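Novice:
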Amino acid sequence: MAIVHRATVSPTKQEIVTSWLDAQSWGAEGRVEMLGSYRFDDPAGEVGVESLVVRRGGTHFQLPLTYRGAPMDDAGARLLTTMEHSALGRRWIYLATSDPVGFDCFVRALLGQLEQADMEVWEGAEFIARRGTGVRVTITSGPGLDGHDMPAATATVDTVRLTIPHVLDANPGGERQLAAQWDGGSPVVVASLTSRAAATT
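Right, dumping it as structure tokens:
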């Protein structure tokens with residue numbers, strides 16, 4: 001269960017995604033519509049893991065993030081921005097595939113070892129509500145990597161390669177996949193896992 005605090009944040013998540021898309025050659029134009037997100041729980045309870053799903057200019061995108069209470073001491077970590085959170089203070093926001101906790105959560109979810117987290121909303125010490133995140137994910141099987149050239153966040157650790165497509169209108173392939181669906185939408189692949197042996201054959 002992901003714990004979320006009622007708070008004001010600056011910049012907002014919509015502003016973060018908008019700035020990120022504006023910096024991409026494939027990021028489309030126009031207003032960013034927030035469709036929802038999906039979350040995973042960090043077993044240690046220290047890092048927030050969330051992927052934001054949005055629509056802009058008729059195209060669906062996702063931005064997988066981790067939220068930390070302190071900066072990572074890792075040269076390979078990709079810091080996207082910082083956020084001021086009225087309940088938690090400053091948060092350091094990283095691309096999830098560059099964060100070991102984010103990578104581990106996605107891989108465990110793809111292996112069926114970690115379920116998607118619903119949200120518990122708190123205001124201070126008071127529990128307010130439990131709710132979904134607007135996007136539901138399920139495990140599916142898929143074909144091997146098809147070599148499709150598409151914007152994606154990728155990371156390889158030991159024998160597995162994780163691919164999280166930024167543009168959700170193409171299938172990244174992969175031996176195991178996470179499919180996501182939101183209200184009014186059709187299922188799309190939002191993450192895939194391929195063993196190194198399969199990826200190199």
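Numbering (the UniProt record's numbering) for the sequence shown: 1 to 201.
Idealized CB from N, CA, C, for every residue including glycine.
On a predicted model such as this, the values are computed, not experimentally measured, just so you know.
1. Does the distance from the CB of residue 28 to the CB of residue 35 come in under 8 Å?
2. Can you find at least 3 beta carbon pairs, one from the region 163-178 and one from the region 67-76, that sit closer than 8 Å?
3. Figure out for me which residue from 137, 153, 44 and 41 has the closest Cα to the Cα of residue 95.
4. Kindly indicate the opening and closing residues of the beta strand (DSSP E) around residue 51.
5. Can you grab the Cα-Cα spacing for the pair residue 18 / residue 105, in whole Å?
6. Straight-line CA distance for residue 45 to residue 101?
7. How many whole angstroms separate the CB atoms of residue 110 and residue 178, which I take to be in contact at a CB cut-off of 8 Å?
8. For residue 48, does the count of other Cβ atoms within 10 angstroms reach 16, so buried, or fall short, so exposed?
9. Between residue 76 and the rest of its own chain, which residues show a CB-CB distance below 7 Å, the 5 nearest in sequence each way excluded?
10. Assign residue 25 to buried or exposed, taking buried as 16 or more other Cβ atoms, counted over all protein chains shown, within 10 Å of its Cβ.
11. Taking DSSP as the reference, what is the three-state secondary structure of residue 15?
12. Here's the rule I'm using: 16 or more other beta-carbon atoms within 10 Å means buried, otherwise exposed. How should residue 33 be labelled?
13. Looking only at DSSP bridge pairs, what is residue 165 linked to?
14. Quick one: what's residue 195 bridged to in DSSP?
15. On the criterion of 16 or more Cβ atoms from any shown chain inside 10 Å, does residue 107 qualify as buried, or is it exposed?
Specialist: With the given structure in hand:
1. no
2. no
3. 153
4. 48-56
5. 25 Å
6. 11 Å
7. 6 Å
8. buried
9. 98
10. exposed
11. helix
12. exposed
13. 152
14. 160
15. buried
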